[in-house]
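Here is the structure we will look at, set down as structure tokens.
There are 2 protein chains.
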Amino acid sequence: MSTGNLYIALLHYPVYNKRGEIVTTAVTNMDIHDISRAARTYGVKRFYIVTPIEKQKQFVERILSHWQKGYGATYNPSRKEAFGIVRVADTLDDVIATVSEETEGRVHVVATSAASRGTSLSCDDVRGKISQSGDAFLILFGTGWGIAEDVLEKADFSVEPIRGNSDYNHLSVRSAAAVLLDRLCRH
Amino acid sequence: MSTGNLYIALLHYPVYNKRGEIVTTAVTNMDIHDISRAARTYGVKRFYIVTPIEKQKQFVERILSHWQKGYGATYNPSRKEAFGIVRVADTLDDVIATVSEETEGRVHVVATSAASRGTSLSCDDVRGKISQSGDAFLILFGTGWGIAEDVLEKADFSVEPIRGNSDYNHLSVRSAAAVLLDRLCRH
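Protein sequence lines, in the order shown, are assigned to chains A and B.
For the first sequence, numbering that gives the first Met the number 0 begins at 0 and goes up steadily by one.
For the second sequence, numbering that gives the first Met the number 0 begins at 0 and goes up steadily by one.
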């Protein structure tokens, strides 16, 4: 299947902390590496790292630069290739505006959550939508204790939480992103 | 489906480095966290971290202890639960012996590799074997530049590499383990 119009974003704001307060989380190096490699594997067009904090944006740019232009680029060319689809953005609205402009069409914003929501679609349903539509789809992943309710409500729809075959439902965002992309995009 | 007899092992020896030499890699904190959470999610019975180096085994035990008995256990009980299935082992042979003893039956050793092998089975075939057999299955994941040929040859069979929908084939071992478990074990 084609996933030429699939975009993903990792939100560091607005997300919850353990106490249910809205916070900005720190960007982690491993998220950038693992999720960019998974995104590149599944033909995602762009992976946006969303944080409003200037120092954090500089941190991401420094990592990207190391692997794209520095020693890392020759040491590990496949990392350079994965990082080629990574972009930094201030806000989710900025990401939506950029993708809209690039695709000149509608952008369907898809929320993910570890908790079930009444309006969630199954992975198969979302897979069908992506493969049958020429529109762009932007899948949101959260950090911390999950994406703020406000953002979840404004999304066009949600996809069901990743469940395995147990009552345990605590994948890392890196694992959840890889599994979801596999369910939505594998041949 | 039941995966009550599924075991996984992460090998830090014998694996290749970038130059194709057999080395022992360092254990990384994130592998323990991400893979134990994925394993627990998919009903894996035990996750073995295999390293012959005493200092590395102590490093793993210290991390496990923090999240199982220390501050981490109360701060994040779901991490404690995931770490409950993690064990440290000196060698792959030790793991096989332990699992054999525990299950009192045959242990099928399943290799994984990012490179295609002539003898690889599809994920669906392996899923069928696991769900239909009462035997134990032990899936091996490599670190560094992959599991040594010697071990791959001694495995009962290999499972096909994880491919997305692109020519890019460089998932992290954390992502590859999560995706493979989803393909083999999801409801």
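Cβ atoms here follow ideal geometry from the backbone N, Cα and C, with glycine treated the same way.
Here the structure is a predicted model, which is why all the values come from computation and not from measurement.
- Residues of the segment 39-60 of chain B whose Cβ lies closer than 7 Å to any Cβ of chain A, in chain order: Arg-39, Thr-40, Tyr-41 and Gly-42.
- Counting other Cβ atoms within 10 Å of its Cβ, Asp-149/B stays below 16 and is therefore classed as exposed.
- Runs of the beta strand (DSSP E) spanning 3 or more residues and lying entirely within the segment 14-59 of chain A occur at 45-49, in chain order.
- In the DSSP secondary-structure assignment, Ser-119/B is bridged to Ser-157/B.
- Non-local C-beta neighbours of Thr-24/A in its own chain, meaning closer than 7 Å and more than five positions away in sequence, comprise His-11, Val-14, Thr-142 and Gly-143, ordered along the chain.
- About 16 Å separates the CB atoms of Ala-8/B and Val-125/B; that is not less than 8 Å, and the two are not in contact.
- Residues of chain A whose Cβ lies closer than 9 Å to the Cβ of Ser-171/B are, in chain order, Met-29, His-32, Asp-33, Arg-36, Ala-37, Arg-173 and Ala-177.
- Counting only Cβ-Cβ distances below 8 Å, Ser-165/A has contacts in chain B at Arg-39, Thr-40, Tyr-41 and Gly-42, in chain order.
- In terms of CA proximity to Ser-157/B, Ala-114/B leads the group Lys-17/B, Arg-39/B and Ala-114/B.
- With a threshold of 8 Å between beta carbons, Ala-81/B makes contact with chain A.
- With contacts defined by Cβ atoms closer than 8 Å, Leu-137/B and Val-98/B form a contacting pair.
- A straight-line Cα-Cα distance of about 21 Å links Lys-54/A and Gly-83/A.
- Beta-bridge partners of Leu-137/A (DSSP): Tyr-6/A and Val-108/A.
- For Ala-175/B, the enclosing alpha helix (DSSP H) stretches over residues 172-184.
- A Cβ-Cβ separation of about 19 Å leaves Val-22/B out of contact with Asn-28/B under the 8 Å criterion.
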